[in-house]
Amino acid sequence: MIIEEEVIDRGPEWRAFNAAERDSKSRVGAPTTQTMHDKGLTTTIDWKNKDAYGRSLSSDKRSQMNRLRKWQERIRTKDAGERNLQFALSETDRMASALGVPRSVREVASVLYRRALDEDLIRGRSIEGVATSTLYAACRMEGIPRSLDEVAAVSRVNRMEIGRTYRYISQELGLEMEPVNPKKYVPRFCSELDLPEEVQAKANEIIDTTAEQGMLSGKSPTGYAAAAIYASALLCNEKKTQKEVADVAQVTEVTIRNRYQEQISAMGLPN
């Protein structure tokens, strides 16, 4: 049975057998991205003062190209809203690079910031504060654990403002955030402490057992994970001091001691 006649093939008319050949034959640019204020659809004028054949430009042509570059930068952002977005997304990119989070987190953070800008949630708040809070929200949504202290360390605003703005943005945008599972911090902390897989598995077991008893409620996930790693290291004869674990998790030694005592008691293990 013929479903349709003269079906249009929307693919390219050329064939390619490897990535290099595909790139050389492709006549389109890079894919659009939310991480740039114009979604990557702008035109950029190269900074090199050379023509298509690699020859240096004359002085008249150089001055003309400099004027064109200047006007190109000016017209890329036509109003204050676009300038706001351009600055915010560049800040998001800087902080995301410092935190070492994947591209997907940057895309989600950019979408959240655009939504906040469209709904006029930025008014009366700093651009850096909203950009940082949307990045923190994106980390949680994508399951890439970064604590508020870690995000604040790479931001230009303080922890209190980030937390306050994050709560406001998540409420206004209707973001449903589940509590962070401490187990998500265990692999990274164990890696930074150079601890074996055995310690990581035992720490996850401690977290699971104590969480079932309702001990996790109201506790900081980073502090809880750090205490479980400290307890696990002791049980596996991998000696790590409370200070070493606290420095990696960015919590205090007092927090680790308190959570450690609670976890050991709940597990029925001797101190």
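FYI, full-length UniProt numbering numbers position 209 of the sequence shown as 209, with every residue one higher than the one before it. All residues carry an ideal CB built from backbone N, CA and C; glycine is no exception. What you are looking at is a predicted structure, and each value in this text was computed from that prediction instead of being measured.
Beta bridge pairing from DSSP links serine 26 with no other residue. Annotated three-state conformation of lysine 48 is coil, per DSSP. Of all C-beta pairs linking the segment 58-74 to the segment 88-105, fewer than three are shorter than 8 Å, placing the two stretches out of contact.
Here valine 7 is exposed, its C-beta having fewer than 16 other C-beta atoms within 10 Å. Residue pairing of serine 56 in beta bridges, as defined by DSSP: Lys50. Nearest to methionine 141 by alpha-carbon distance, out of Gln250, Val111 and Asp247, is Val111. Residues Tyr230, Glu253, Ile256 and Arg257 of the same chain have their beta carbon placed closer than 7 Å to that of glutamine 242, with the five preceding and five following residues left out of the count.
By the Cβ criterion, the segment 190-206 is not in contact with the segment 159-171, since fewer than three pairs of Cβ atoms, one from each stretch, lie closer than 8 Å.
The count of Cβ pairs closer than 8 Å, one atom from the segment 172-184 and one from the segment 128-144, reaches three, so the stretches are in contact. Contact annotation: leucine 269 and glutamate 238 have beta-carbon atoms that are not nearer than 8 Å. Between the alpha carbons of glutamate 198 and alanine 266 lies a gap of roughly 21 Å.
In the DSSP annotation of this structure, the continuous segment of the alpha helix (DSSP H) that includes valine 105 starts and ends at 103-118. When the Cα atoms are used, serine 220 and arginine 123 turn out to be separated by approximately 31 Å. CA-CA distance, asparagine 49 to glutamate 82, rounds to 29 Å. In the three-state scheme derived from DSSP, where H, G and I count as helix and E and B as strand, cysteine 236 is classed as coil. A direct Cα-Cα distance of roughly 16 Å separates cysteine 190 from serine 147.
Distance from the CA of leucine 216 to the CA of alanine 228, rounded to the nearest whole angstrom, comes to 12 Å.
The beta carbon of threonine 44 sits closer than 8 Å to those of Gln72, all from its chain and outside the five residues before and after it, given in chain order.
Here the C-alpha atom of arginine 156 lies approximately 13 Å from the C-alpha atom of leucine 135. Assignment of asparagine 18 by DSSP, reduced to helix, strand and coil, places it in the coil class. Straight across, the Cα-Cα distance linking glutamate 262 with glutamate 192 is about 24 Å. Around the Cβ of proline 145, a 10 Å sphere holds 16 or more other Cβ atoms; the residue is buried. Secondary structure note for valine 251: it is in no alpha helix (DSSP H), with a DSSP letter that is neither H nor E. Remark: C-beta atoms of alanine 225 and proline 179 do not approach each other more closely than 8 Å. Runs of alpha helix (DSSP H) with 4 or more residues, each lying fully within the segment 109-176, are found at 127-141, 148-154 and 159-172, listed in chain order. Taking the C-beta atoms as reference points, isoleucine 127 is found nearer than 8 Å to alanine 88. Counted as a single uninterrupted DSSP element, the alpha helix (DSSP H) harbouring glutamate 198 occupies residues 197-212.
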